[in-house]
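J.:
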Ligand code: SF4
């Protein structure tokens, strides 16, 4: 017996999803506007299970935020500080290496490295940071620097973006995270992050990264001043780049945390919007292999439910996340591997520990191997 949807506007979309056809901009907006979240989940789950069955990925990673000093003053941000402000910090290289080592007991497979746009740190600092980490932890994947940071480093180094990416790659960067994408529409970007590269530059930098052989992720910050059309426009632009390069691995919707930002008068995201952001992305981004429910941003409880609404990835153990916690996230700063596995199993899904490139990781008590 066929499931009947409460919202009949979803019936034509259902036909397309079942036939594996691409959804349009209007379909995306309809999906965002429907209150029929169970129908949305049903459709997103069809695609999720078609791609991954019950497999649900997670990794054991450590975040390193080398500096919070930033020349930009994005209204969305609670992390960045001016150079001489209270709370501003910049890690000396040795300190960054010690930070990396201090979370190492669980055999991390990835360092996730992002930070502010520091006006005085030379490009060489970042090259030394990466090569130093590679030397000390050769088996750990370096997922480092958002498109925004890469574009800024290119300016500091007086190099083209392509050459900057090549130098970073040579120093040990293995792939790029997906941050800084926020919402691509100019109208929104002017208000929330006027000092950052614009949406087109973000997308061009991603293309260049993919062209030089660096995979990346892509994010979308939702739950502030954007509307349904802005979110769908964002997804469409990412889908177009992915058609060209195939270089995106994972899409990660990020729930906006207003506390301690200039936009603190805005409310936090709702459970409905968190779940929708996962489900609509799974349906519109038909060329993205993975959709991640980042538990740090949407809470472990919502992220777990998202595993039945289109998400196939829960991110990682994280260890000491700073950026969203400065913005008032009340989730723990890290989660043990066993806890992630419990969340996934309880949702009736099959936990697969992965490395950054989604290769399965097999562990013994004292070591791990990555299937190649
Ligand atoms: S969001 Fe990034 S670029 Fe903007 S102020 Fe914060 S750290 Fe700086």
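Numbering (the numbering used here), first residue to last: 34 to 405.
In this text, a Cβ means the ideal position worked out from N, Cα and C, and glycines have one as well.
Return the residue from the list 374, 156 and 311 that minimises the CA-CA distance to residue 193.
T.: Within the chain shown, numbered from 1, the residue matching residue 193 stands at position 160. Checked all of 374, 156 and 311; the closest Cα to residue 193 is 156.
J.: Where residue 135 and residue 278 are concerned, what is the direct C-alpha to C-alpha distance, given to the nearest angstrom?
T.: If you number the chain shown from 1, residue 135 lands on position 102. If you number the chain shown from 1, residue 278 lands on position 245. C-alpha separation (whole angstroms): 37 angstroms.
J.: Hey, residue 22 and residue 385 are a contact pair by Cβ (cut 8 angstroms); roughly how many whole angstroms apart?
T.: Outside the shown range of the chain, which is 34 to 405, sits residue 22, and nothing can be said about it.
J.: Given 7 angstroms as the limit, tell me if residue 284 has its C-beta closer than that to any heavy atom belonging to the ligand SF4.
T.: On the chain shown, position 251 is the one that residue 284 refers to. Not so, every heavy atom of the ligand SF4 lies at least 7 angstroms from the Cβ.
J.: Residue 296: buried (16+ other C-beta within 10 angstroms of its C-beta) or exposed?
T.: Here the question's residue 296 lines up with position 263 in the chain shown. By the neighbour-count rule (16 or more Cβ atoms within 10 Å), residue 296 is buried.
J.: Return helix, strand or coil for residue 98, following the three-state DSSP convention.
T.: The residue given as residue 98 occupies position 65 in the chain shown. Of the three classes helix, strand and coil, the one that applies to residue 98 here is coil, per DSSP.
J.: If you measure between the beta carbons of residue 280 and residue 249, is that distance less than 8 angstroms?
T.: As a position in the chain shown, residue 280 is number 247, starting the count at 1. As a position in the chain shown, residue 249 is number 216, starting the count at 1. Yes. Within cutoff.
J.: Per DSSP, residue 293 is paired with what?
T.: Numbered from 1 along the chain shown, position 260 holds the residue referred to as residue 293. For residue 293, which the question treats as bridged, DSSP gives no partner whatsoever.
J.: Give me the residue from 270, 148 and 229 with the minimum Cα distance to residue 240.
T.: By 1-based counting over the chain shown, the position of residue 240 is 207. Nearest option by C-alpha distance: 270.
J.: Using DSSP with H/G/I as helix, E/B as strand and the rest coil, what is residue 306?
T.: Translated into positions along the chain shown, residue 306 becomes position 273. Looking at residue 306 - three-state DSSP - the assignment turns out to be helix.
J.: Quick one: Cα of residue 165 to Cα of residue 130, how far?
T.: Here the question's residue 165 lines up with position 132 in the chain shown. Here the question's residue 130 lines up with position 97 in the chain shown. Each residue's Cα considered, the two are about 8 angstroms apart.
J.: By DSSP, does residue 410 sit in helix, in strand, or in coil?
T.: No statement about residue 410 is possible, as the shown extent of the chain runs from 34 to 405 and does not include it.
J.: Quick check on residue 53: buried or exposed, where buried means 16 or more other Cβ atoms within 10 Å of its Cβ?
T.: Within the chain shown, residue 53 is the residue found at index 20, counting from 1. Exposed, since its Cβ has fewer than 16 Cβ neighbours within 10 Å.
J.: Assuming residue 387 and residue 90 form a contact by the criterion Cβ under 8 angstroms, report the distance between their Cβ atoms to the nearest whole angstrom.
T.: Residue 387 sits at position 354 when you count from the first residue of the chain shown. Residue 90 sits at position 57 when you count from the first residue of the chain shown. So it is a contact: roughly 4 angstroms between Cβ atoms.
J.: Assuming residue 52 is part of the alpha helix (DSSP H), what are its boundary residues?
T.: In the chain shown, the residue the question calls residue 52 occupies position 19. First-last of the alpha helix (DSSP H) with residue 52: 44-52.
J.: Compare the Cα-Cα distances from residue 253 to each of 216, 222, 263 and 266 and report the closest residue.
T.: For the purposes of this step, residue 253 is taken as residue 220 along the chain shown, with counting starting at 1. The option with the nearest alpha carbon to residue 253 is 216.
J.: Find out if the Cβ-Cβ distance for the pair residue 293, residue 111 is shorter than 8 angstroms.
T.: Locating residue 293 in the chain shown gives position 260, where the first residue counts as 1. Locating residue 111 in the chain shown gives position 78, where the first residue counts as 1. Their beta carbons are under 8 angstroms apart, which means residue 293 touches residue 111 by this criterion.
J.: Where DSSP assigns a beta bridge to residue 208, which residues make up the other side?
T.: Translated into the one-based positions of the chain shown, residue 208 becomes position 175. The partner list for residue 208 (beta bridge, DSSP) reads 176 and 248.
J.: Distance, Cα to Cα, residue 247 vs residue 170?
T.: Reading the chain shown from its first residue, position 214 is the one you call residue 247. Reading the chain shown from its first residue, position 137 is the one you call residue 170. When rounded, the distance between both Cα atoms is 19 angstroms.
J.: Under a three-way DSSP split, which group does residue 262 fall into?
T.: Residue mapping note: residue 262 aligns to position 229 of the chain shown, counting from 1. The answer is helix: DSSP assigns residue 262 an H, G or I state.
J.: So, with DSSP's three-state summary, where would you put residue 387?
T.: As a first step, residue 387 is located in the chain shown; it is residue number 354 there, counting from the start. Strand, per DSSP.
J.: Between residue 245 and residue 209, is the Cβ-Cβ spacing less than 8 angstroms?
T.: Walking along the chain shown from the start, residue 245 turns up at place 212. Walking along the chain shown from the start, residue 209 turns up at place 176. In this structure, residue 209 does not lie closer than 8 angstroms to residue 245 by Cβ.
J.: What does the Cβ neighbour count give for residue 211, buried or exposed, with the cut at 16 atoms within 10 Å?
T.: The count along the chain shown starts at 1 and reaches residue 211 at position 178. When all chains shown are included, residue 211 counts as buried.
J.: Would you identify the three-state DSSP class for residue 349, choosing helix, strand or coil?
T.: Stepping through the chain shown from its first residue, residue 349 is reached at position 316. Reduced to three states, the DSSP call for residue 349 is strand.
J.: Given a cut-off of 8 angstroms, decide if residue 72 and residue 40 are closer than it, judged by their beta-carbon atoms.
T.: Looking up residue 40 in the chain shown gives position 7. Looking up residue 72 in the chain shown gives position 39. Contact: yes.
J.: Closest by CA to residue 322, which one among 299, 272, 303 and 162?
T.: Counted from its first residue, the chain shown places residue 322 at position 289. If we check each option's Cα against that of residue 322, 272 comes out closest.
J.: Rounded to whole angstroms, how far is the Cβ of residue 3 from the Cβ of residue 266, which I believe are closer than 8 angstroms?
T.: Nothing can be reported for residue 3: it is not among the residues displayed for the chain, which extend from 34 to 405.
J.: Nearest to residue 300 by CA position, among 283, 109 and 84, is which residue?
T.: If you number the chain shown from 1, residue 300 lands on position 267. Residue 109 is the option with its Cα nearest to residue 300.
J.: At a cut-off of 7 angstroms, would you count residue 105 as near the ligand SF4, judging by its Cβ distance to the nearest heavy atom?
T.: The residue labelled residue 105 in the question sits at position 72 within the chain shown. Yes, Cβ of residue 105 sits closer than 7 angstroms to a heavy atom of the ligand SF4.
J.: Using the Cα positions of residue 262 and residue 310, report the straight-line distance between them to the nearest angstrom.
T.: Along the chain shown, one-based indexing puts residue 262 at 229. Along the chain shown, one-based indexing puts residue 310 at 277. Cα-Cα distance, rounded: 13 angstroms.
J.: Return the CA-CA distance between residue 405 and residue 232, expressed in angstroms with no decimal places.
T.: Walking along the chain shown from the start, residue 405 turns up at place 372. Walking along the chain shown from the start, residue 232 turns up at place 199. Residue placement at residue 405 cannot be trusted, given a pLDDT of 48 that sits under 50; the coordinates are not used to answer.
J.: Please list the terminal residues of the continuous alpha helix (DSSP H) segment that includes residue 329.
T.: As a first step, residue 329 must be located in the chain shown, where it is residue number 296. Start and end: 328-339.
J.: Would you please state the rounded distance, in angstroms, between the beta carbons of residue 350 and residue 370? I believe it to be under 8 angstroms.
T.: Sequence index remark: in the chain shown, residue 350 carries index 317 (1-based). Sequence index remark: in the chain shown, residue 370 carries index 337 (1-based). Confirmed, Cβ separation roughly 6 angstroms.
J.: Should residue 65 be labelled buried (16 or more other beta-carbon atoms within 10 Å of its own) or exposed?
T.: Looking up residue 65 in the chain shown gives position 32. The residue in question, residue 65, is buried, as its Cβ has 16 or more Cβ neighbours within 10 Å.
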